[in-house]
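Just so you know, the protein sequences line up as chains G and D, in that order. Take the first sequence: its letters are residues 1460 to 1761, numbered as in my numbering. Take the second sequence: its letters are residues 37 to 485, numbered as in my numbering.
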Amino acid sequence: MKAPKSSPRVKASKMERANYKWIYLFLLPTVLIFLMFYFVPIIQVFLTSFTKWDGFNAPEFNGLTNYINMFTNSGFTYALKNLFYWCLVGMFLHVGFGVLTAFVLYQKPRGWKFTRMVFMIPNVISAAAWAMIYRFFFSDDMGILNSFIRLIDPNFHVQWFYTSPWAFWAVTFTWLFYAVIVTLLVLGDLMNIPQELNEAAKIDGASGWQLVRHIQLPLCRSAIGTSVICTLTSRISMYEQISLTTQGGPGDDTMSLSILLVKGITDYRYGYANAIGVLMFVIGLIILGIVNKAFRMDVSDY
Amino acid sequence: MKAKKILASVLAGLMLLATAGCNNNGGGSTASGSTASGGSSKGVIEVSIPSYKTGENVGAVFFEPQVERFNEKYEGQYKINLETVPQDGFGDRLKQLAQQNKLPVLVQGGDLDWILNVVIPNGLAWDMTDWLEESGLLERAVQDSVDYNKDKGDGKIYTIPKMTVRPTGFYYNTAMWNPEEDLSSLTMDELVTLLGDQKIAFSTAENGWVSALFLTAFIANQEGGVELLQAGADEKITDFSDPIFVNAVASLQQLLQNNAASNSIGAAYADAANAFMSGQAAVIANGPWMSSEFNESNSANWSNGFDGANVKASLFPGNVGIENNRAFGEWWISASASEEEIELAKAFLEFISNPEELEAYLLAEGGDAPNIEYSEDFKEKQAETQVLADLAADTTEETVYVPCILDVIPNSVANTEFGKLLPSLANGTYTPEEFCDWMTQKSVEASAE
Chain G
1460 MKAPKSSPRV KASKMERANY KWIYLFLLPT VLIFLMFYFV PIIQVFLTSF
1510 TKWDGFNAPE FNGLTNYINM FTNSGFTYAL KNLFYWCLVG MFLHVGFGVL
1560 TAFVLYQKPR GWKFTRMVFM IPNVISAAAW AMIYRFFFSD DMGILNSFIR
1610 LIDPNFHVQW FYTSPWAFWA VTFTWLFYAV IVTLLVLGDL MNIPQELNEA
1660 AKIDGASGWQ LVRHIQLPLC RSAIGTSVIC TLTSRISMYE QISLTTQGGP
1710 GDDTMSLSIL LVKGITDYRY GYANAIGVLM FVIGLIILGI VNKAFRMDVS
1760 DY
Chain D
37 MKAKKILASV LAGLMLLATA GCNNNGGGST ASGSTASGGS SKGVIEVSIP
87 SYKTGENVGA VFFEPQVERF NEKYEGQYKI NLETVPQDGF GDRLKQLAQQ
137 NKLPVLVQGG DLDWILNVVI PNGLAWDMTD WLEESGLLER AVQDSVDYNK
187 DKGDGKIYTI PKMTVRPTGF YYNTAMWNPE EDLSSLTMDE LVTLLGDQKI
237 AFSTAENGWV SALFLTAFIA NQEGGVELLQ AGADEKITDF SDPIFVNAVA
287 SLQQLLQNNA ASNSIGAAYA DAANAFMSGQ AAVIANGPWM SSEFNESNSA
337 NWSNGFDGAN VKASLFPGNV GIENNRAFGE WWISASASEE EIELAKAFLE
387 FISNPEELEA YLLAEGGDAP NIEYSEDFKE KQAETQVLAD LAADTTEETV
437 YVPCILDVIP NSVANTEFGK LLPSLANGTY TPEEFCDWMT QKSVEASAE
């Protein structure tokens, strides 16, 4: 016996069918742009990752050589390890901080609108500019941090960006607390929670923490999931913050896939660079799949 | 209803047109391409060429007026307009134009690998061999550069060979350190001893330029070092296990540990220059183009009592001048240029290679044109600038020219890997042997097929 369909297909009305051509017509530019600027380059990156290519002359098929070179590169393991740790930091500390801020702002304390605006300001400064600012901040010679520490210990000298293991954390600090996107996404979901739900929970005797834990947090699941996706994909493509501070050093301590990719291009090894690009793409898809599943992004709450 | 349909059709059509517009290259470019809008009106051949030596770029101080002088000289016949392109993205811009078959008529540079692997094999550059021989320009050219062009061009010359050499040495502030010795005739060990605890403005960020210059000098001062570096101009070095490298890195490490200015770790070139021009360091290594920084007109960049008049210059010990003469010249002509555009390009290249313009260039940016007879006026003016006079006095037939280490190693190693590990070398985390192993490993990886 066939199982009944959960959502039987509803036949479109005559008027709706008449609108199809307009829908397709208006979709056409978007589809064209996607094909031209996303789909074709992605296919090109994938195909040329199996070639020896200098970016100008015709690519020559070289099988899996680029992938073998990538997996055996001395910086590759560091890049993957760093990506893993940055993803953990991003997921728990960066998103956590953004969510916490959203919940604080949701309480609408005095000056919350001003705080929200101030929190937004770092977001209008480019990642490259932040990297430069942090270079000064962490400078041993004249940086604010070390100058402050030297008030307590006059002999204190640490080159944060150039010494293990501090370089990893110094790079992390260039993005860690700029979580306004997370805050705005979560705050948006919090604002959309029907007041009846909060009131009903309160009438049932829910405490403040229980309200957050059992009502508000679950209803922000989708926004938090989106934030996690944004954060993790940003970690995969993170480039300026590393390039303008440590360049992946000291040694390969802060190496990333994007730095390896750019180095490949610098050496006219476009095929190799594209192999790294394919890996970044695949990692991005895997992360997308896992987060979608973990946060049940396809399930509606209301 | 009908009006609604028409409006929707128009909107959808506009969106499609906008999409198509994104892809439209505008059409009106000429055969030579480009940004290089070649064309003639009223008998004037006019082209636009992209250049980074414009605006605030340090090279603009001489180059923009030079183009103006050319335009004035050939008024009514030729005109060159400059299109500003930032120096950082200039190489990429040229590559984009080449991919679109829109190279400008006159092309300024392009990195070595691109010229070797793309420009020459794909016939993008105009063969200027016959013209150079007929015009007599080869007589003024640096022979090593002519030979290099022919070696790499299968007997043909595709870039105008170098007319000047600009050996890089170092500058020192006599208010802080004023040795009586002829520094270029010492050995590196003697120089280090003489320096005592004087500070050197090193750069260790970016590509570690200042550190690379000292490392080059240490290599060149060892037996076999000059040959090693010169060989690297033809085939890039990927093995740093030679004791010459290890010893040179050990010497650099000592210098970094004992003589580096306080801001050297993590210092970009600008930071190093700032350390020198604020009296925090007595020595900085750099090319003759830095001489203009010591003119009174640039005193706004000085601090802590620094005075450009106190600065003297010297080549490195062992009479070593860091300059790669086995190299392509700065300019070449696009093979897709029309006959009349090539005439313009030839006129321009002849103009900038005439003795008066070469002398003006040397006065502005330093260096030596070994194959021209200097005018008395030039000699007088050169003597007025202390550092240029110092470098000119050091530049003799005995001068040993070597390419900078950064020019003879794979690009990514030169751009990032070398500078990236300098802080670790300075703080002793890496020994010289480990540093060289690292360089070897990264160079081999960067050269993997």
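Cβ coordinates follow ideal geometry from the N, Cα and C atoms, glycine included.
Nearest neighbour of residue 505(D), chosen from 111(D), 434(D), 137(D), 369(D) [CA to CA]: This structure cannot settle anything about residue 505(D), because the visible part of chain D is limited to 37 through 485.
With C-beta atoms as the reference, is residue 1659(G) less than 9 Å away from residue 1673(G)? no
Please classify residue 1489(G): is it buried, with 16 or more other beta-carbons within 10 angstroms of its beta-carbon, or exposed? exposed
Evaluate the contact criterion for the segment 277-296 of chain D versus the segment 249-269 of chain D: three or more CB pairs, one atom per stretch, below 8 Å. yes
My output table needs one value for residue 1488(G): the three-state DSSP class, helix, strand or coil. helix
Once DSSP output is grouped into helix, strand and coil, what is the label at residue 1597(G)? coil
Do residue 1580(G) and residue 1592(G) come within 9 Å of each other at the CB atom, strictly closer than that value? no
If we require 4 or more residues per run, which alpha helix (DSSP H) segments fall completely within the segment 1672-1735 of chain G? 1680-1696, 1699-1702, 1716-1725
For the alpha helix (DSSP H) containing residue 474(D), list its first residue and its last residue. 468-483
Could you tell me the distance, in whole angstroms, from the CA atom of residue 469(D) to the CA atom of residue 136(D)? 46 Å
Report all residues from its chain with a CB closer than 8 Å to the CB of residue 445(D); omit the five preceding and five following residues, and keep chain order. 268, 272, 273, 274, 454, 475, 479
Can you tell me which of the three DSSP states residue 144(D) falls into? strand
Check for me: the alpha helix (DSSP H) holding residue 1548(G) runs from which residue to which? 1535-1548
Would the beta-carbon of residue 405(D) fall within 9 Å of that of residue 212(D)? no
Would you kindly report the start and end of the unbroken beta strand (DSSP E) that includes residue 230(D)? Not the beta strand (DSSP E): residue 230(D) falls in the alpha helix (DSSP H), residues 224-231.
According to DSSP, simplified to helix, strand and coil, what is residue 201(D)? strand
Where residue 368(D) falls: helix, strand or coil (DSSP): strand
Answer yes if the segment 350-359 of chain D comes into contact with the segment 218-238 of chain D, meaning at least three C-beta pairs across the two stretches below 8 Å, and no otherwise. yes
CB contact below 9 Å: residue 1532(G) versus chain D: yes
Proximity test, Cβ basis, 9 Å: residue 1609(G) and chain D: no
Measure the C-alpha to C-alpha separation of residue 64(D) and residue 1723(G) and round it to an integer number of angstroms. Caution is warranted here: a pLDDT of 36 is assigned to residue 64(D), below 50, making its placement in the model unreliable, and the coordinate value is therefore given only provisionally. Spanning the two alpha carbons is a distance of roughly 35 Å.
Contacting residues, own chain, Cβ-Cβ under 7 Å from residue 411(D) (five flanking each side not counted): 395
Residue 1748(G) beta carbon near the ligand GDP (any heavy atom closer than 8 Å): This structure simply doesn't include the ligand GDP, nor any ligand for that matter.
Please say whether residue 207(D) and residue 97(D) have beta carbons closer to each other than 9 Å? no
Distance, Cα to Cα, residue 1565(G) vs residue 334(D)? 55 Å
Candidates 101(D), 116(D), 139(D), 131(D): which alpha carbon is nearest residue 371(D)'s? 139(D)
Distance check for residue 247(D) and residue 241(D), CA to CA, integer angstroms please. 10 Å
Tell me which residues share the same chain as residue 1465(G) and place their Cβ nearer than 7 Å to its Cβ, disregarding the 5 neighbours each side in the sequence. Confidence is the limiting factor: at residue 1465(G) the pLDDT is only 49, short of 50, which leaves the residue's position unreliable, though a coordinate-based value still follows. Cβ within range, chain order: n/a, list empty.
Let's test the definition: count the other Cβ atoms within 10 Å of the Cβ of residue 130(D) and tell me whether it reaches 16, buried, or not, exposed. buried
Considering only their Cβ atoms, is the gap separating residue 202(D) from residue 403(D) smaller than 9 Å? yes
Measuring CB to CB, does residue 1504(G) end up less than 9 Å from residue 1737(G)? yes
Could you tell me the boundaries of the beta strand (DSSP E) in which residue 117(D) lies? 114-120
For residue 319(D), which option in 88(D), 270(D), 362(D), 232(D) has the closest C-alpha, if you only look at C-alpha atoms? 232(D)
Could you tell me the alpha carbon to alpha carbon distance between residue 1603(G) and residue 1594(G), rounded to whole angstroms? 10 Å
Suppose you measure from the CA of residue 67(D) to the CA of residue 141(D); what does that come to, to the nearest Å? Note on residue 67(D): pLDDT 37, under 50, position unreliable in the model; the coordinate value appears next. When rounded, the distance between both Cα atoms is 10 Å.
What span of residues does the beta strand (DSSP E) with residue 322(D) cover, start to end? 319-322
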